[in-house]
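What follows is one structure encoded as structure tokens, with my remarks underneath.
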Amino acid sequence: MKCDNCGSEHTIVRDSKYTTTIKGREVSITCKRRFCTECSREVQDEDLEKESKRKAIRRYNEIVALNKDRIMEIRKGYNLSQELFSKIIGCAKKTLVCYEKGTSSPNDNFSIILNTLVYKPRLIVDFVDANKDNFTSKQYETIMKKINTKK
Ligand SMILES: [Zn+2]
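Put into structure tokens, the structure is as follows:
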């Protein structure tokens, strides 16, 4: 692979932040890109570019799949109130209310948490334990009871 800018053949691949817009929505991912070690400009690498595009599309699908109905569905699957569920995932109640109304979309951190719960619902137990200090013992008991009745 040769640098278009300075002609050097010394290039390295490293992780880089990549932001693109898909169907009007901004999608940010971390992906591998190739850089010239001489002039540090980016060097075109078709394979890496294809991979980045695929990754961005996957990320977009995750964001879109997490629409307001889906988020409410996740919470109701545990039979938890907005107050308790927001405490478990570590966001303010009003933030969760906005997600469920669709007035805002979860940021990267909450998208990861919510997607994780879709695929591994029992992981909520670990989230609860990690945030144990935020709950009164009565709340903790209520949460555990509700979580454990989830089929
Ligand atoms: Zn160069």
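Residue numbers (our numbering): 319 to 469. Note that the Cβ used here is the ideal one computed from N, Cα and C, for glycine as well.
Three-state secondary structure assigned by DSSP to residue i
i    : result
Y470 : Because the chain here runs from 319 to 469, residue 470 falls outside it and cannot be looked at.
R440 : helix
T339 : strand
C349 : strand
R372 : helix
E344 : strand
C321 : coil
E459 : helix
C409 : coil
T329 : strand
E360 : strand
S429 : helix
S334 : strand
Residue i burial status per 10 Å Cβ neighbour count (16 or more: buried)
i    : result
Y437 : exposed
S370 : buried
C357 : exposed
S455 : exposed
R372 : exposed
S422 : exposed
A374 : buried
Beta-carbon separation (whole angstroms), residue i vs residue j, contact threshold 8 Å
i    : j    : result
L384 : S429 : 6 Å
N323 : C354 : 7 Å
Q362 : L402 : Not quite, the Cβ-Cβ distance comes to about 50 Å (not below 8 Å), so this is no contact.
F445 : I406 : 5 Å
P439 : G395 : 7 Å
Residue i CB to nearest heavy atom of ligand 1 below 7 Å
i    : result
S326 : yes
E356 : yes
R352 : no
R359 : yes
N385 : no
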